[in-house]
Each structure stands twice: as C-alpha cells, then as structure tokens.
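When we follow this note's numbering, the leftmost residue of the sequence shown carries the number 40, and every step to the right adds one. The C-beta atom is built at its ideal place from N, Cα and C for all residues, glycine as well.
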Amino acid sequence: MEDLLILDIFWNKRLVKDSSGNEFEIFRGKDYEKDWVDLGFGYSKNSRGVFLWDNECFKKYAKQIDLTSFEMIQANTSENTFYFKDVNSIYLDSYMSGQVKIENANPKKFQLIDIDKGYITSNDKDFWYGTELPYRISNMTPINESYQRVDDSIFFGHTHQVLCDTQTFEIINSKVSTVARDKNYVYFKSEIIEGACPKTFKFMEDCIADDSPPYLECDIHFYAKDKNFAYFINVPFGFKIIKTKDLSNFRFIVRDGIGYGIDSNFYYEKGRRKKLK
C-alpha cells in the first residue's frame, strides 16, 4: 500500500495508481483504516467515535457509547431523522431534536411506531423524537400539526399542556397552526395572549383568504384583530400585541411584496410601528 500514488480521495474509497501505472480503487474499512465501518447515509464509526461524513457525532455521549454494538436502526432521509442503538441506549439525530440519547428508552424493548412523525415506544413508554411523552400515543388524537387532544386534556407540541376549557377549544384558522381559543382565552401555542377577546378575535381576511396576494413569509406571518387590539402573529416564533389607537381602521396591505398592518397614522412591519410617510 505504501507504493501507491493517490489520485483522488472519496469519503469511502480512494483512486490510486501502482508502480506499474495501473489505476484502481481501494476501499476504506477493507484496504485502509480497517477499523472504519459504514453505518449508512453518510454516518460511520471507528475506534475513535461516530461521524457524519467527517464531523464527529454524539460528542456529548462519546464516553457512554458502546462503539462495538453501535448501529443504525432506521432512517428517514426526507425528514433528516436517523435512529441508532448500542447495547445500552437509543440515539437520535434529527432536525427536530439534534443529536440526543433518548433517556429511558431500552434498545431491547424498542419499536418505531411512525418514523415520519417521530413516534417510538419502549418499556411501556412512548416518545416523540427525543422527548418522553406524559401519555400513551394510542390515547392521543391530533387536532392539527401543533395541538393534540389526550382524553380531557389539550397539548401543544406533544408535551406542553394547554390549561384551557377543552370542550370549547378550537383552532381559529387552519392556516395559522399555533393560534387557538376557547370560551375564555386566545392562545399562542400554550400561552394565553393577555387581553385578547376570543369572541371577536379574527385574522385579517386580506392576509388569510385563499385569493390573497402573495407576500414575503405569507405562510407564517399574519395579522389579526379583536375588539381590543390588533396582533402580529409569527407562527413558529411569537406574537406581538399592537395597541393601535385607530383599531377600526386597522387593516392589512401588501406593498412591494411585503405584508404590513396599517392604520390612519402608522404602518406595522412585523408588528413594529413606523410612521407613515
């Protein structure tokens, strides 16, 4: 191997030339770096650790991982979700969780329920990605992609209980998955929007209608109002209460491809007030 000239280097092999001028491929794990093992989908292991391409994975758990038994269980490449196990534990690398060890999951009693949704079960406990659920998945009914109903309880994001009136709880508009109400309050995720009136709260028709003109981040940015205030909603990240003094004239417009709230004196970019010019 020492007299080979390396012509090109790939992740799992090399193109080389010998002293006679013959070109051929040699393979990592077989012909060189013989402790290297391809785990699939860019993941590998050797005697030093676990890697995704050339970057070390699961660094936090490096001293806990049993490298001899470490292997990939299942992968969902479209969701960037990959499950692994060793003799002691279950590990997950996902856009939803990062690189984690799933606490209280037993590799000997582990079953994937739905890899697309991140549901697994182990030891008579159910998990959503890397988080242990406070209920069994069989008792859960999805309300939408954000909220779940479990018996007489409502959860946001599978783990955050919404302290609400469960009989009147509803999603206000299907396009805005993180805003809901009951007879008493309006909620963003599991948080009460203080001062919002559930009876009169509604999203501005010009930003929610199917024929509304497109605008920047129109899938996550929305404006709403009720009898008290106007509101800017950023679906994944938060909300802003707009205390306009001209609520009756508050409306939504699209200008140069950007959506704004506007009243007689100000316009509101992502809920932030700016003086009309």
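- Counting along the chain, the unbroken alpha helix (DSSP H) around CYS246 starts and ends at 244-247.
- Counting only residues of its own chain and dropping the five nearest sequence neighbours on each side, ASN119 has a CB closer than 7 Å to the CB of SER133 and TYR134.
- DSSP places ILE154 in the coil class of the three-state scheme, outside both helix and strand.
- Looking at ALA219, ARG53 and ASP42, the one whose alpha-carbon comes closest to that of GLN206 is ALA219.
- Between the stretch 158-170 and the stretch 138-146 there are three or more C-beta pairs closer than 8 Å, enough to call the two in contact.
- Rounded to whole angstroms, GLY196 and ASN212 show a C-alpha spacing of 18 Å.
- Fully contained in the stretch 48-83 are the following beta strand (DSSP E) runs of length 3 or more, in chain order: 52-56, 62-66 and 76-79.
- Around the beta carbon of LYS316, fewer than 16 other beta carbons lie within 10 angstroms, which makes this residue exposed.
- If you look at GLU110, you'll find it in the beta strand (DSSP E) that goes 110-115.
- Comparing alpha carbon positions, the residue from LYS124, ASP57, SER59 and HIS260 closest to GLY296 is HIS260.
- Secondary structure within the stretch 139-205: the beta strand (DSSP E) runs of 3 or more consecutive residues, fully enclosed, are 149-153, 158-161, 164-167, 179-181, 186-189, 192-195 and 199-201 (chain order).
- Per DSSP, the continuous beta strand (DSSP E) segment holding TYR307 begins and ends at 305-308.
- The Cβ atoms of GLN103 and LYS140 lie closer than 9 Å to each other.
- Straight across, the Cα-Cα distance linking PHE291 with LYS314 is about 16 Å.
- ASN183 sits away from ILE154, with the two beta carbons spaced by 9 Å or more.
- Going by DSSP, PHE227 is part of the beta strand (DSSP E) stretching over 225-227.
- Around the Cβ of GLN138, a 10 Å sphere holds 16 or more other Cβ atoms; the residue is buried.
- For SER133, the three-state secondary structure derived from DSSP is strand.
- Judged by beta-carbon spacing, TYR226 lies beyond the 9 Å limit of CYS246, meaning their Cβ atoms are not closer than that value.
- Between TYR262 and MET243, the CB-CB gap stays under 9 Å.
- In this model, VAL89 and VAL201 are separated by some 39 Å (Cα to Cα).
- In the three-state DSSP reduction, LEU286 falls in the helix class (H, G or I).
- Minimum Cα-Cα distance from ILE280 among the listed residues GLU308, CYS257, ASP258 and GLY81 corresponds to GLU308.
- Beta-carbon to beta-carbon, ASP93 and PHE109 are separated by about 18 Å, too far to satisfy the 8 Å threshold.
- Per DSSP, ALA263 is one residue of the beta strand (DSSP E) stretching across 260-264.
- One alpha carbon belongs to LYS84, the other to LYS228, and they sit about 40 Å apart.
- By a beta-carbon distance limit of 8 Å, PHE121 does not contact TYR174. Their separation comes to about 26 Å.
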